[in-house]
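Notes follow the structure.
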Amino acid sequence: MLKITFPDGSIKEFDKGITIEGIAGAISSSLKKISVAGYVNDELYDLNRPILNDASIKIITNKDEEAFEVLNHSAAHLMAQAVKRLFKDAKFGVGPAIREGFYYDIDAGVQLKEEDLKKIEKEMQRIVNQNELISRSELSKEAALELFKHDEYKQELINELPENEIISVYKQGEFTDLCRGGHIGSTKNVKHFKLLSLAGAYWRGDSNNKQLQRIYGTAWFTKEALATHLNILEERKERDHRKLGKELRIFELNNDAGQGLAMWLPHGYTVRKVLEDYVYKLEKKAGYLHVSTPALGTKRLYEISGHWSHYRDNMFPVMERDGETFVLRPMSCPHHMIVYKSDLRSYRDLPIRYAEIVTQHRYEASGSLSGLERVRAMTLTDAHLFVREDQIKKEVLDAYNLIIEAINDLGLEIDYIELALRDKEKGKFHDNDELWNLAERLLKELLDENNIEYKEMTGEAAFYGPKIDIQVRTAMGHVITMSTVQLDFLLPERFDLTYIGSDGEKHRPVVIHRGLISTWERLMSILLEQYKGAFPTWLAPVQLKVIPVSLDVHQTYAKKLNDLFIDNDLRSELDLREEKLGYKIREAQTKKVPYQLVVGDNEVENNQVTYRKYGEQAQVTVDIEDFISMVRKEIINKSR
RNA sequence: GCCGAAAUAGCUCAACUGGUAGAGCAACUGACUUGUAAUCAGUAGGUUGUGGGUUCAAGUCCUAUUUUCGGCACCA
């Protein structure tokens, strides 16, 4: 008999070889029904994997977060089995569960087409109906290599495992896959799924490798949950900034103007200007000094900075004039280094914080361009902080806090904080170990000391130093780098930056690169999606729409109101077109104007306004002054 | 850049296996003008992304190319 300890501390005895499923069934049949897998001494166990020793266990039910992963992982295997039945030569890469489902990378021997997904789905359903038991077995590395001798991808994976590793495989019917587990017991438990898309994906994520075909899918425990998820996918299309940007006339992308070169339309530019003013003030308050530098610079400048050797592939080609070679700047750090050098600096001057709204040009791969999210000409508020070593932590932390403030003001949600470190194996980083170790240690200490949770990402650093990236998840489900604070000991070296210390000697300052809220382009794409085009009043391109009930009778009053609003710094528009009232109201609503004001006899008589807030049905009548102060207050508070 | 899919009026979309390119909205013209999501009638709008080809005939088939979309790689 085995002693099984439950999470509440109670202990029960079971026969040796009992499974999670068996234990769940012994407790109640309803628990058995919803159990998905379990932890046995913190190791993930399948429903039907025998437990051989005394253990403490935790049953995972379909309500637990881990359950979704187990289900989708099993769905990936199910799909692979179906593909193997339909395409006999198919070989498989990796097939994990992901945030919203699963994928599997496949070399099917032939090119899969989108219409094949339906056939694969059908075959999956057939396997589900066959109720194939998913069983685990363990074997040696040699045996595993023998088992997968016809699949070079699995061979490669197996070969990289440590020599004495026990390798587990999962078998369901005729299909066996290399896998750590856990799984869901039987194919019959994967009931509600859908295959979503077909895409290319490089083997092992390396563009030098062969490209496999990746099928994305999603699996859920109930029909309703699947329907809800598919509905969310549909709703995302309504939030797509490319669609909203067109409808609300925010920006324009045009081939004749150039791929990835966005043009801001009046409404879009209005929002951008509000953001620019907001950021300027925020930075001013935080002690930043604003400068302005050109978008064009000599190639030499970028050779000094190291961008020419590390970043050239992302730069537009050079231009020659008067025996000098110029480039369009992809980054502004070199210019700010020169600005620092424009004067002799004392230790008393530091920190010096230079900020600038800069336009940069980067040659981004054509396939990566996407609306405003990824463009080739971008404008952002960039900053470089020149600090003494003893000021590093405080300045990084202040910069970080400023970022958090801006993200909160904008109503965005942080997904996670990333600490991007060097991967020594990769050649793209500068090679001064001492500086790397110091920089990485300082950032880690800082995050730890301030209880900031973060994920370490090796190999994601900038070539000149490690960085803290603030990742935001967009309403489209994309995770995007919103802000960044980067520690740089290299550029001060390359530009021979100095300050005079209290000892009268020259010292090296340290540079902190800071990106506050991404670029205006990317920020706009995120905001559009976040708010579904209905900007909070402080950001809205048009804040008020004044609509007279009758053009003849109420036009004068409507004009008077509109002028008054504009005098009070509100972005108000008057609709005096010869159209019906209902038509104008509908348009004010579809353009998502925060305040729609319809004025007629009642308002004229009492010197009032009647407003309807976007998203609400209620019509509210108030005195003009009260209305103005209410909206102004809302704007100042950046209310959402 | 790579893999897959797509491109029709300003916008959203039709046009069965090749057989005279249509609709709604927007625009323009005229009429109608009082309370919270579309007043009515008419007019105009296209070398079907672009270049080749097959065919009696191409939006539809083939081919090249450009761009867009879903991903990968890269990345703010």
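Going by my numbering, the final residue of the first sequence carries number 646, and the count climbs one at a time with no gaps.
The beta-carbon is built from N, C-alpha and C at its ideal position, and this holds for glycine as well.
Figure out for me which residue from the options has the closest Cα to the Cα of residue i.
i              : options                        : result
glutamine 219  : Arg500, Tyr110, Arg354         : Tyr110
lysine 177     : Ala540, Asn165, Phe154, Glu462 : Phe154
glutamate 289  : Tyr360, Ile256, Glu459         : Tyr360
leucine 375    : Ile310, Thr299, Glu527         : Glu527
valine 628     : Ile642, Ala103, Glu609, Arg380 : Glu609
isoleucine 553 : Val615, Val393, Val364         : Val615
glutamate 106  : His316, Trp226, His560, Ile29  : Trp226
tyrosine 659   : Ala73, Ile420, Tyr317          : Nothing in the structure corresponds to residue 659, since the chain is present only between 7 and 646.
isoleucine 172 : Ser192, Thr193, Arg142, Arg520 : Arg142
glutamate 640  : Gln549, His560, Leu557, Glu584 : Gln549
glycine 251    : Glu579, Leu408, Asp607, Leu529 : Leu529
alanine 301    : Asn407, Pro547, Ile591, His342 : His342
histidine 198  : Phe501, Lys128, Tyr159         : Lys128
leucine 570    : Ile630, Ala292, Gln397         : Ile630
glutamate 611  : His560, Asn165, Asp415, Lys512 : His560
leucine 587    : Asp558, Ile572, Gly465         : Asp558
asparagine 195 : Thr228, Gln217, Glu282         : Thr228
alanine 484    : Asp429, Tyr422, Phe501         : The residue you asked about is not alanine; residue 484 is histidine in the sequence shown. Closest option to histidine 484, Cα to Cα, is Tyr422.
glutamate 253  : Glu593, Gly373, Ile363         : Glu593
With a CB to CB cut of under 7 Å and the five nearest residues on each side skipped, what residues in its chain are close to residue i?
i             : result
asparagine 47 : Ala61, Ser62
leucine 204   : Leu118, Glu120, Leu123, Gln219, Ile221
leucine 497   : Ser311, Cys339, Met343, Tyr470, Val517
What residues in its chain sit with their C-beta under 6 Å from that of residue i, if we drop five residues either side in the sequence?
i                 : result
tyrosine 617      : Tyr601, Leu603, Val626
methionine 482    : Arg242, Glu535
leucine 567       : Val552
leucine 722       : Outside the shown range of the chain (7 to 646) lies residue 722, about which nothing can therefore be said.
glycine 31        : Lys38
alanine 150       : Ile164, Ile173
phenylalanine 108 : Asn78, Ala81, Ala82, Gly223
Are residue i and residue j closer than 8 Å when you measure CB to CB?
i                 : j                : result
alanine 564       : valine 599       : no
leucine 8         : phenylalanine 20 : yes
valine 100        : leucine 145      : no
alanine 705       : valine 491       : Nothing can be reported for residue 705: it is not among the residues displayed for the chain, which extend from 7 to 646.
leucine 53        : glutamate 27     : yes
threonine 193     : asparagine 137   : yes
serine 645        : threonine 543    : yes
phenylalanine 332 : threonine 304    : yes
alanine 73        : alanine 103      : no
lysine 97         : glutamate 180    : no
leucine 419       : valine 345       : Leucine is not the amino acid found at residue 419; the sequence shown has glutamate there. No, the pair does not count as a contact, with Cβ atoms beyond the cut-off.
serine 489        : isoleucine 409   : yes
proline 357       : glutamate 424    : no
aspartate 429     : glycine 465      : yes
Could you tell me the distance, in whole angstroms, from the CA atom of residue i to the CA atom of residue j?
i                 : j                 : result
aspartate 632     : threonine 487     : 41 Å
lysine 4          : threonine 67      : This structure cannot settle anything about residue 4, because the visible part of the chain is limited to 7 through 646.
arginine 382      : glycine 417       : 26 Å
serine 16         : glutamate 622     : 53 Å
leucine 449       : lysine 399        : 8 Å
aspartate 246     : arginine 255      : 14 Å
tyrosine 51       : lysine 22         : 15 Å
glutamate 162     : glutamate 462     : 26 Å
phenylalanine 257 : threonine 525     : 14 Å
leucine 202       : alanine 445       : 43 Å
lysine 64         : asparagine 456    : 33 Å
glycine 329       : proline 323       : 16 Å
glutamate 585     : lysine 249        : 26 Å
arginine 278      : methionine 384    : 12 Å
proline 515       : glutamate 440     : 16 Å
phenylalanine 501 : phenylalanine 495 : 11 Å
threonine 11      : threonine 25      : 14 Å
alanine 624       : isoleucine 591    : 14 Å
Please work out which residues of its chain come closer than 8 Å, Cβ to Cβ, to residue i, disregarding the five sequence neighbours upstream and downstream, and give them in chain order.
i              : result
tyrosine 620   : Ala540, Gln595, Lys598, Val599, Pro600, Tyr601, Gln602
asparagine 574 : Ile634, Arg638
isoleucine 140 : Asp52, Asn54, Ser80, His83, Tyr176, Lys177, Gln178, His189, Ile190, Gly191, Ser192, Thr193
lysine 125     : Leu92
glycine 206    : Gln217, Leu218, Gln219, Arg220
Would you call the segment 181 to 192 and the segment 208 to 218 touching, i.e. three or more CB-CB distances under 8 Å? no
Can you find at least 3 beta carbon pairs, one from the segment 468 to 487 and one from the segment 436 to 452, that sit closer than 8 Å? yes
Cβ contact (3+ pairs, closer than 8 Å) linking the segment 86 to 101 and the segment 120 to 139: yes
Within the chosen definition, does the segment 25 to 45 reach the segment 70 to 77 through at least 3 CB pairs nearer than 8 Å? yes
Check whether the segment 345 to 355 touches the segment 506 to 519, taking contact to mean three or more Cβ pairs, one atom from each stretch, closer than 8 Å. Remark: three or more beta-carbon pairs, one from each stretch, lie closer than 8 Å, so the segment 345 to 355 and the segment 506 to 519 are flagged as touching.
Any contact between the segment 329 to 346 and the segment 307 to 321? By contact I mean 3 or more CB pairs, one from each, below 8 Å. yes
Counting pairs of beta carbons, one from the segment 518 to 533 and one from the segment 386 to 395, are three or more of them closer than 8 Å? yes
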